[in-house]
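Counted from 1, the sequence shown has number 100 at position 101 by numbering that gives the first Met the number 0; the numbering is strictly sequential. Note that CB positions come from ideal geometry on N, CA and C, so glycine has one too. Okay, structure first, notes after.
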Amino acid sequence: MTVVSQIPKDLTACPDCDLLLHTDDSDHRQQGLCPRCSAQLWGASSSTADIDLASAISGLLLFIPAVSLPILKLDMVGQLGSNSLAGGVWRLWREDEPLLAILILLCSLFAPLMHLLLTVMIGLTQRFKAHPRHYPMWLKAKVWMQGWSMLEVYAMGIIVAYVKMMDPGEVSVASGTYCLVGLLLCVILCSQYFHEEQAWQYWEQGKSQ
Ligand SMILES: [Zn+2]
0 MTVVSQIPKD
10 LTACPDCDLL
20 LHTDDSDHRQ
30 QGLCPRCSAQ
40 LWGASSSTAD
50 IDLASAISGL
60 LLFIPAVSLP
70 ILKLDMVGQL
80 GSNSLAGGVW
90 RLWREDEPLL
100 AILILLCSLF
110 APLMHLLLTV
120 MIGLTQRFKA
130 HPRHYPMWLK
140 AKVWMQGWSM
150 LEVYAMGIIV
160 AYVKMMDPGE
170 VSVASGTYCL
180 VGLLLCVILC
190 SQYFHEEQAW
200 QYWEQGKSQ
């Protein structure tokens, strides 16, 4: 089942450039784009409407292995070592770097988890046609968490560490890396295919019924 954004009635203003547009004769066979700035006014009815929910559920399934499994395996002068995302945060905390530990905990663990969790809650609410009174709060929190979710920065750090340590020792990617890449793809798809405007329209429709 797909949830399609409502076409604005009569005269509407583009959310990006404020151009006034008549949308009386429009339908959902094509998405509505602003002729001046190409901002999306409403989505077309297509199978892509479920991608945000599907990727959020997949991301939640990958979350625990991505943060708990080892990311890089290190073999340096006979010493073997590996570390996970959660283990790295704990290690920073123990080595008297509480600010850095909290920042990584917030941006790489808590924010992506809440972003995925809230997307699933919002998606399921829409599909079950429910109108819980906390829905606007979930939506605002989801947008806020999306802003703080910086898992890609952590992934870049892993790539840099991998390249830097290739010379002095044997370093190899471990199972956690594959889960982390999968989780990162889910978070990106979730951000790309979630339409905030449509989610608010759903709430407004429910209120007026
Ligand atoms: Zn526009």
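- One alpha carbon belongs to Gln200, the other to Arg35, and they sit about 23 Å apart.
- Note: Leu150 is not bridge-paired with any residue in the DSSP secondary-structure output.
- The alpha helix (DSSP H) runs lying completely inside the segment 123-185 and spanning 4 residues or more are 134-147, 150-163, given in chain order.
- At a cut-off of 8 Å, the beta-carbon of Arg126 does not count as near ligand 1: no heavy atom of the ligand is closer than that.
- Taking Asp95 as the centre and dropping the five residues before and after it, the same chain places no C-beta closer than 8 Å to its C-beta.
- A heavy atom of ligand 1 is found nearer than 8 Å to the CB of Asp17.
- For the pair Ser107 and Val88, the CB atoms are nearer than the 9 Å cut-off.
- Of Gly205, Gln204, Cys185, Lys206, the smallest CA-CA separation from Ala53 is found for Cys185.
- In this structure, the beta-carbon distance from Ile157 to Ile101 does not fall below 9 Å.
- Under the three-state reduction of DSSP output, Gly77 falls in the coil class, being neither helix nor strand.
- In this structure, Cys13 has its beta carbon less than 8 Å from a heavy atom of ligand 1.
- For Leu105, the closest alpha carbon among the candidates Ser148, Val162, Ala12 is that of Ser148.
- Remark: the C-beta of Ser67 is outside contact range of ligand 1, defined as less than 8 Å to any heavy atom.
- Going by beta carbons, Leu32 and Leu19 fall outside the 9 Å limit.
- Within the chosen limit of 8 Å, ligand 1 does not reach the beta carbon of Ala85 with any heavy atom.
- By the Cβ neighbour-count rule, Gln191 is exposed, with fewer than 16 other Cβ atoms within 10 Å of its own.
- Contact between His114 and Met144 is confirmed by a C-beta separation of about 4 Å, below the 8 Å threshold.
- By the Cβ neighbour-count rule, Ile63 is exposed, with fewer than 16 other Cβ atoms within 10 Å of its own.
- Annotation: the segment 32-118 contains the following complete segments of the beta strand (DSSP E) (minimum length 3 residues), in chain order: 39-41, 71-75, 78-82.
- Of the candidates Ser37, Val159, Phe109, the residue whose Cα lies closest to the Cα of Gly146 is Phe109.
- Contact between Gly205 and His133 fails: their C-beta atoms lie close to 13 Å from each other, not under 8 Å.
- Membership of Gln197 in the alpha helix (DSSP H) is indicated by the continuous run 195-207.
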